[in-house]
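Residue numbering for the sequence shown follows UniProt numbering, beginning at 1 and increasing consecutively.
Note that beta-carbon positions come from the ideal geometry of N, C-alpha and C, so glycine has one too.
What follows is one structure encoded as structure tokens, with my remarks underneath.
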Amino acid sequence: MKKRVAIVGSGCSGLGALWALNTSTSHEIHLFEAALRLGGHMGSIAYEGPNGQKVDVDAGLIVVNAATSPNFIRFLQQLGIPLRRTDLTFGVSCDQGAFEWAWRSWSSVFAQRRNIFSPGMWKLILEVIRFNEFAVDLLREDDRGVDTTSQEVREKIKHRPQESIGEYLDRENYSQAFRDNYLIPMTAAIWGTNPGQYSLELPATTVVRFMYDQHMLNITGKSSGWWTISGGAERYIESVVKDFPANRIHLESKVTSLSPSDKGIVLLTANGKDHEFDHVIVATQADQALDLLQPLTTRDESDILSAFRTSRIVAVLHSDLSLMPKRRQAWSSLNYITESPFPPTRRRHISRGCLTYSVNVLQGISESEFGPVLVTLNPLNMPDPRLAQGIWEYSHPLYNAAAIKSQKLLPKVQNTRNISYCGAWTRYGFLEDGFNSGLLVAISHLGAKLPFEIIC
């Protein structure tokens, strides 16, 4: 049966749902986007080199791995969009270069040559090796079958709190240096968390499973098989909407409310227009989805969606090397820059942090031609205005035990009032997660079919 369907949001989730529905169903689909352009923070921004030459830079960090992004890669293959190999490495710089290292190679591990003779450095390396070797035991414990025939066992499992990564580190006696110079920067960079508040609250099994899936549990931190979109993210966005009717793409059309009724759903936009649909796919952050349903939310919708929180990310495109490690040997594709609190405290060793990624490395942009091309998220200090070329902001899912629990409860509210929810927040918070969630609601709730079998 043909339906009139609205998709709210044009990030990776909304575009995934649109592609699946547009290529395999007869539904009349409309796409609503609050911004001037499609793609959310996945689009491209023009960067001007020192001689006036220009190159497109991805606004979002888009790197994919065949093992962990199988559906998005096969989607790109269906569209005929080529990929180019890239390099994903990670490093840390503390207190304006007072301590720096990167796990790109042994030479970068000892970017500060004096650390070859530092007992503290060797202890850190041994702790990283220990963590990489033994943290996977958490996954074995999590996956191992448990006899739940006993009511007593079922009750214990039901009420057992999920161990945070901070609690795991305490239990296994990891040092503060390991936390400050390895795990906190890593988790803060991956999940966009505040290094002093949320990084150690993440569920331990979530952190370890993600690192294991991404092949990050090795001392050099260098994973093979990483790819990025040749020509930038704009290519895939354009390909998705190429054959889609332009009059069904509603830009600068912020949706302000959804009102379910007996006949369907009334969608209201900020310009005062209302539209009626049979089904709505909400491809926004969970808190935004909840706002759209006010004041008509059900108790389940309120309880489940309110558990998902976000952090505000400010991103700056620039060429200011003060937001990179001081030693070039420590430069990586992802660079986490930290500051210690002043005056020092015993309980808190990192007060602030920011992530700078090298677009030169990730997108293969020539440094000799364009100079350093960098994007910094939540910079400790804003780059020199003469070296900045763009600034934007977006929200990123925050993960804690409450969010992980609500992910498992989300099916209770999916499609209950002809409303589907999708977004990267339904899993780890990354591109493949968001894209998969858009595909899944299109398939499960609206009968879409894919030219490949989806892998979850």
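To the nearest angstrom, report how far apart residue i and residue j are at their CA atoms.
| i | j | result |
| --- | --- | --- |
| Trp226 | Arg299 | 42 Å |
| His445 | Leu410 | 14 Å |
| Ile7 | Met1 | 18 Å |
| Asp243 | Gly91 | 42 Å |
| Asp320 | Pro50 | 13 Å |
| Asn65 | Trp101 | 25 Å |
| residue 457 | Gln112 | No answer is possible for residue 457: it lies beyond the span of the chain, which begins at 1 and ends at 456. |
| Ala402 | Ser164 | 11 Å |
| His275 | Gly39 | 23 Å |
| Ile365 | Leu305 | 40 Å |
| Val255 | Asp95 | 43 Å |
| Ala286 | Ser13 | 13 Å |
| Val146 | Arg140 | Note that Val146 scores 39 on pLDDT, short of 50, meaning its location in the model is unreliable; the coordinates nonetheless yield the value given after this. Rounded to whole angstroms, Val146 to Arg140 spans 12 Å at the Cα level. |
| Thr206 | Ser199 | 12 Å |
| Glu48 | Gly231 | 16 Å |
| Leu334 | Leu202 | 21 Å |
| Ser93 | Phe178 | 14 Å |
| Pro372 | Ala46 | 14 Å |
| His396 | Arg312 | 7 Å |
| residue 457 | Phe117 | Only positions 1 to 456 of the chain appear in this structure, which leaves residue 457 out of reach. |
| residue 471 | His30 | Nothing about residue 471 can be reported from this structure: the residues present for the chain run from 1 to 456 only. |
| Thr310 | Gly353 | 17 Å |
| Ser259 | Val280 | 11 Å |
| Glu367 | Thr338 | 25 Å |
| Leu398 | Gly264 | 32 Å |
| Asp303 | Lys412 | 11 Å |
In the DSSP assignment, find the beta strand (DSSP E) that holds residue i and state where it starts and stops.
| i | result |
| --- | --- |
| Thr356 | 352-358 |
| Trp331 | Run containing Trp331: none; DSSP gives neither H nor E here. |
| Gln389 | 388-398 |
| Glu48 | 44-48 |
| Thr228 | 226-229 |
| Leu290 | Not the beta strand (DSSP E): Leu290 falls in the alpha helix (DSSP H), residues 286-293. |
| Thr86 | Premise fails: Thr86 is in no beta strand (DSSP E) and is neither H nor E. |
| Leu217 | Where Leu217 is concerned, there is no enclosing beta strand (DSSP E), given that its DSSP letter is neither H nor E. |
Under three-state DSSP, which class holds residue i?
| i | result |
| --- | --- |
| Glu28 | strand |
| Val280 | strand |
| Glu172 | coil |
| Leu410 | helix |
| Lys54 | strand |
| Ser18 | Inspection of the sequence shows that residue 18 is occupied by Leu rather than by Ser. Three-state DSSP puts Leu18 in a helix. |
| Val136 | coil |
| Leu36 | coil |
| Thr149 | Summary for Thr149: the model assigns pLDDT 40, below 50, so the residue's position carries little reliability; its value from the coordinates is reported in the next sentence. Reduced to three states, the DSSP call for Thr149 is coil. |
| Val316 | strand |
| Leu202 | coil |
| Trp103 | coil |
| Ala403 | helix |
| Thr426 | helix |
| Glu155 | Here the model assigns Glu155 a pLDDT of 43, short of 50, so the residue's position is not dependable and the matter cannot be decided. |
| Asn65 | strand |
| Leu126 | helix |
| Ser340 | coil |
| Ser259 | strand |
| Gly60 | coil |
| Val373 | coil |
| His41 | helix |
With respect to the alpha helix (DSSP H) encompassing residue i, which residues constitute its N-terminal and C-terminal limits?
| i | result |
| --- | --- |
| Asp95 | Taken as a continuous stretch (DSSP letters only), Asp95 belongs to no alpha helix (DSSP H), as it is neither H nor E. |
| Ile190 | 184-191 |
| Ile116 | Per DSSP, Ile116 belongs to no alpha helix (DSSP H) and is neither H nor E. |
| Ser444 | 431-446 |
| Tyr236 | 234-241 |
| Pro70 | 70-79 |
| Ala307 | It is not in any alpha helix (DSSP H) - Ala307 carries neither H nor E in the DSSP assignment. |
Assuming residue i and residue j are in contact, meaning their beta carbons sit under 8 Å apart, how far apart are those beta carbons, in whole angstroms?
| i | j | result |
| --- | --- | --- |
| His27 | Val5 | 5 Å |
| Gly423 | Ser406 | Actually they are not in contact, since the Cβ atoms of Gly423 and Ser406 sit about 13 Å apart, beyond 8 Å. |
| Phe435 | Asn71 | 6 Å |
| Gly9 | Thr284 | 4 Å |
| Thr228 | Val63 | 5 Å |
| Tyr428 | Phe210 | 6 Å |
| Ala454 | Leu431 | This sequence places Ile at residue 454; Ala is not what is there. Not a contact, Cβ separation roughly 15 Å. |
### At least 3 beta-carbon pairs within less than 8 Å: the region 255-272 vs the region 32-44
Segments in contact, yes.
### Task
Evaluate contact between the region 130-142 and the region 168-184, counting only Cβ atoms and requiring at least three cross-stretch pairs below 8 Å.
With a cut-off of 8 Å, the region 168-184 and the region 130-142 count as touching, because enough Cβ pairs lie within range.
### Message
Assess contact between the region 322-330 and the region 389-401, defined as three or more Cβ pairs (one per stretch) separated by less than 8 Å. Is contact present?
### Response
No, because fewer than three Cβ pairs between the region 322-330 and the region 389-401 fall closer than 8 Å, the two stretches do not touch.
### Task
Say whether the region 114-131 touches the region 175-186, bearing in mind that this needs 3 or more beta-carbon pairs closer than 8 Å, one atom from each stretch.
Judged by Cβ distances under 8 Å, the region 114-131 makes contact with the region 175-186, as three or more pairs qualify.
### Message
Does the region 14-22 come into contact with the region 445-454, if we say contact requires no fewer than three beta-carbon pairs (one atom in each stretch) closer than 8 Å?
### Response
These segments touch.
### Task
Would you check if the region 51-71 and the region 243-255 touch, i.e. whether three or more CB-CB distances between them fall below 8 Å?
Verdict: no, contact absent.
### Message
Any contact between the region 61-79 and the region 232-241? By contact I mean 3 or more CB pairs, one from each, below 8 Å.
### Response
Yes, the region 61-79 is in contact with the region 232-241.
### Message
With three or more beta-carbon pairs closer than 8 Å as the criterion, would you say the region 411-431 touches the region 284-296?
### Response
Yes: the two stretches touch, three or more of their Cβ pairs being nearer than 8 Å.
### Query
At a cut of 8 Å, does the region 366-380 reach the region 308-319 through at least three beta carbon pairs?
Yes, the region 366-380 touches the region 308-319.
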